[in-house]
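Residue numbers (the working numbering): 10 to 208.
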């Protein structure tokens, strides 16, 4: 989703020079190393307006030699009275106000029939990814589905009911143990530790 969120530069004071996507070459952190940035006296929090002088870019020569394509970026016209805006960039390259409808159209699920088989067959190719985030998501989905199904059966047949907190804890323990038991899931463990506080 991130490539579709763009910043429309107006005063340049709210947009990150390095991390925001405000032109086709952005984010600039992909072209420059942290050492390149700090060597020229800039920080990671630098704003777009800081690099504009009298309506023109003031690129450091070291940056231009390292990433000559940044010299081709057109300088935006700054307006002190207007703030930068986060926009949605559609497949045609138009900047629009963000609506959930835009993201739904991008996912192209309008053509998918609202039946379980059709939705699963549409999503299934995405399940073959071996990225850490996908592996962790698959484990979490499997554990959640299993424990909710088990809890449903316990309520129906044994008349035993556990609290949502207990079910959540069982899911977390199961996912944690599964991640710990596989050596090749090192990246998934790091992802789980940093984003979900599983470890």
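In this text, a Cβ means the ideal position worked out from N, Cα and C, and glycines have one as well. These figures come from a predicted structure and were not determined experimentally.
Return the CA-CA distance between residue i and residue j, expressed in angstroms with no decimal places.
i	j	result
residue 121	residue 138	21 angstroms
residue 167	residue 179	19 angstroms
residue 12	residue 162	43 angstroms
residue 52	residue 183	42 angstroms
residue 55	residue 181	39 angstroms
residue 66	residue 60	6 angstroms
residue 91	residue 102	22 angstroms
residue 80	residue 32	12 angstroms
residue 34	residue 63	22 angstroms
residue 155	residue 104	42 angstroms
residue 209	residue 165	A query on residue 209 cannot be resolved here, the shown segment of the chain reaching from 10 to 208 and no further.
residue 100	residue 169	51 angstroms
residue 209	residue 175	Limits of the chain in this structure are 10 at one end and 208 at the other, which puts residue 209 out of reach.
residue 150	residue 173	16 angstroms
Mapping the DSSP letters down to three states, classify residue i as helix, strand or coil.
i	result
residue 25	strand
residue 1	In this structure the chain extends from 10 to 208, so residue 1 is not present and cannot be described.
residue 53	coil
residue 62	strand
residue 129	helix
residue 171	coil
residue 156	helix
residue 15	strand
residue 94	strand
residue 165	helix
residue 148	helix
residue 37	helix
residue 73	helix
residue 189	helix
Taking all protein chains shown into account, do 16 or more other C-beta atoms lie within 10 angstroms of the C-beta of residue i, making it buried, or fewer, making it exposed?
i	result
residue 44	exposed
residue 188	buried
residue 157	exposed
residue 126	exposed
residue 129	exposed
residue 73	exposed
residue 177	exposed
Ignore the nearest five residues each way along the sequence and tell me which others in residue i's own chain have a CB closer than 8 angstroms to its CB.
i	result
residue 71	45, 48 and 49
residue 171	160 and 163
residue 14	30, 95, 96, 97, 98 and 107
residue 26	37, 51, 55, 56, 57, 59 and 60
Apart from the five residues just before and just after residue i, which ones in its own chain have a Cβ nearer than 6 angstroms to its Cβ?
i	result
residue 148	184 and 187
residue 94	17
residue 40	76
residue 69	49
Excluding five sequence neighbours on each side, which residues of the same chain lie with their C-beta closer than 7 angstroms to the C-beta of residue i?
i	result
residue 28	36 and 38
> Touch check for the region 14-23 and the region 82-92: three-plus C-beta pairs under 8 angstroms?
Replying inline: yes
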